[in-house]
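Listed in order, the protein sequences are those of chains A and B. Numbering (the UniProt record's numbering) for the first sequence: 1 to 148. Numbering (the UniProt record's numbering) for the second sequence: 1 to 148. Every residue, glycine too, gets a C-beta built ideally from N, C-alpha and C. Since we're looking at a predicted model, the values are computed, not measured. Please read the structure below before turning to the comments.
There are 2 protein chains.
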Amino acid sequence: MEDNKYSCLELKNQLCFPLYACAKEVVRAYKPYLSALDLTYTQYITMMVLWEKKQMNVKEIGRCLYLDSGTLTPLLKKLESKGYISRHRSKADERNLLISITDEGMKLRDKAVAVPREMSKCVKLDKDEAKELYRLLYKFLDNNCNCE
Amino acid sequence: MEDNKYSCLELKNQLCFPLYACAKEVVRAYKPYLSALDLTYTQYITMMVLWEKKQMNVKEIGRCLYLDSGTLTPLLKKLESKGYISRHRSKADERNLLISITDEGMKLRDKAVAVPREMSKCVKLDKDEAKELYRLLYKFLDNNCNCE
DNA sequence: TTCCAAAAGATTGTGTACAATGTAATTGTA
DNA sequence: TACAATTACATTGTACACAATCTTTTGGAA
Chain A
1 MEDNKYSCLE LKNQLCFPLY ACAKEVVRAY KPYLSALDLT YTQYITMMVL WEKKQMNVKE
61 IGRCLYLDSG TLTPLLKKLE SKGYISRHRS KADERNLLIS ITDEGMKLRD KAVAVPREMS
121 KCVKLDKDEA KELYRLLYKF LDNNCNCE
Chain B
1 MEDNKYSCLE LKNQLCFPLY ACAKEVVRAY KPYLSALDLT YTQYITMMVL WEKKQMNVKE
61 IGRCLYLDSG TLTPLLKKLE SKGYISRHRS KADERNLLIS ITDEGMKLRD KAVAVPREMS
121 KCVKLDKDEA KELYRLLYKF LDNNCNCE
């Protein structure tokens, strides 16, 4: 266990690297299940907030998902082209683009419940560890879920 | 705390979402410090393994970083154009592309030690929590650091 | 010795991410 | 009430990330 002045730059001493790697591997693990729904991971979590809230503007979706309009604008257009959501300007304030879930989008929810079920099978953590990981990640993010 | 058949699809009940969000926010937090070195986060972790190993082929770098040639090929060309690494085919086996760190690349290491120092200041976790998060992430990845 | 399968990278195409900037609608204020 | 600042979203440009596929080189079996 040498501790020279460069040890802080070794990959094995990084906390952020396994975070980065883990996130990527998880998205990869989701892929086969989400492909069956014709969704990417980012599209999936977008649908997730819309299944709950039914209608939101782009700003609100972005606050929930930590994404900006540069990412969401093309993604929402894609979800619209798939028929899962609709995009309309608010009458009250034309700046707001209201994103609403369609019937087709709501139908997808019944198929999607299989995804968390399948994913939970391939997580190597026991219940307490998963809970603690959840807590630590939100503490790292310095807040609770923005979408509560 | 309702628990209908769709609760498994609520964002706040996801373990993978804070992982995804956390990883993104961390990369964003690195940005100002890495810009000073003319590196992106992915370029930074690539330099990190090369500061340690001095010379590796693309496959070995990919195994350390969980990246494939589709990501690494253009990234390594960019690091070469910055003068931090050199790329040469192995004489012994022409299939292997040997990536070597340059003197310029090694010089960068002295500036880079400031990065973990600055980053550690903005982590909201205490030492034990950070250690536990580290452990849980590698358990989630189902291994120890590939680059040990 | 041929020749086929495997290995290592490179390439292509799609889809994020995000900083920086642009545009239109709205709001606050002198 | 003009008009400047703010807000919401869109656009542009750069940089990953990865699946699928291609090319070249190598190693092994017939």
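Where residue i meets chain A, residues with beta-carbon distance less than 7 Å
i, result
"Tyr66/B", "Ala21, Lys24, Glu25"
"Leu125/B", "Leu136, Lys139, Phe140"
Rounded straight-line distance, which links the Cα of residue j to that of residue i
i, j, result
"Glu80/A", "Glu52/A", "18 Å"
"Leu50/B", "Lys78/B", "15 Å"
"Tyr41/B", "Pro74/A", "24 Å"
"Val58/A", "Met119/B", "31 Å"
"Ala29/B", "Val123/B", "10 Å"
"Lys107/A", "Lys54/A", "13 Å"
"Leu141/B", "Tyr84/A", "33 Å"
"Met103/A", "Arg117/A", "Rather than Met, the amino acid found at residue 103/A in this sequence is Asp. In a straight line, the C-alpha of Asp103/A is about 23 Å away from that of Arg117/A."
"Ser90/B", "Asp38/A", "42 Å"
"Met47/B", "Tyr33/B", "15 Å"
"Ala92/A", "Leu98/A", "11 Å"
"Tyr20/A", "Ala23/B", "5 Å"
"Glu94/A", "Gly70/A", "19 Å"
"Arg135/B", "Gln43/A", "30 Å"
"Glu60/B", "Ile101/B", "14 Å"
"Lys111/A", "Gly105/B", "50 Å"
"Leu76/A", "Cys64/A", "15 Å"
"Leu133/A", "His88/B", "42 Å"
Which of helix, strand or coil DSSP assigns to residue i
i, result
"Asn57/A", "strand"
"Ser35/B", "helix"
"Ser86/A", "strand"
"Gln14/B", "coil"
"Lys5/A", "coil"
"Asp142/B", "coil"
"Val123/A", "coil"
"Tyr44/B", "helix"
"Tyr134/B", "helix"
"Glu118/A", "helix"
"Asp128/A", "helix"
"Glu25/A", "helix"
"Tyr30/A", "helix"
"Cys64/A", "helix"
"Glu80/B", "helix"
"Asp148/B", "Note that residue 148/B corresponds to Glu in the displayed sequence, not to Asp. Note: Glu148/B maps to coil in three-state DSSP."
"Leu19/B", "helix"
Under 8 Å by beta carbon: chain A residues contacting residue i
i, result
"Glu10/B", "Met48, Glu52"
"Lys5/B", "Val113"
Proximity test, Cβ basis, 7 Å: residue i and chain A
i, result
"Asp142/B", "yes"
"Lys77/B", "no"
"Cys36/B", "One detail in the question is off: residue 36/B reads as Ala in this sequence, not Cys. Ala36/B does not count as touching chain A."
"Ala130/B", "yes"
"Lys111/B", "no"
"Gln145/B", "Here the sequence assigns Cys to residue 145/B, which means Gln is not the residue at that position. Chain A contact via Cβ: present."
"Arg133/B", "At residue 133/B the sequence reads Leu, which differs from the Arg that was named. With 7 Å as the cut-off, Leu133/B counts as an interface residue toward chain A."
Within chain A, the residues that residue i reaches when beta carbons sit closer than 9 Å
i, result
"Gln85/B", "A small fix is needed here, since residue 85/B is Ile in this sequence, not Gln. Ordered by position in chain A, no residue passes the 9 Å Cβ test against Ile85/B, which lies about 16 Å from the chain."
"Tyr33/B", "Under the 9 Å cutoff, chain A gives no residues; its nearest Cβ is about 12 Å from Tyr33/B."
"Ile99/B", "Simply none; closest approach about 15 Å."
Contacts that residue i makes with chain B (C-beta to C-beta distance below 8 Å)
i, result
"Glu148/A", "Lys12"
CB contact check: residue i to chain B, cutoff 7 Å
i, result
"Cys16/A", "yes"
Residue i: contacting residues in chain B (beta-carbon distance under 9 Å)
i, result
"Ile61/A", "Those do not exist, as Ile61/A stays about 11 Å from chain B at its closest Cβ, beyond 9 Å."
Per-residue contacts from residue i into chain B (C-beta, under 7 Å)
i, result
"Tyr74/A", "Checking the displayed sequence, the identity of residue 74/A turns out to be Pro instead of Tyr. The contacting residues do not exist; Pro74/A stays about 17 Å from chain B at best."
**Asked** Enumerated in chain order, which unbroken segments of the beta strand (DSSP E) with a length of 3 residues or greater are wholly contained in the region 92-116 of chain B?
**Response** 97-101
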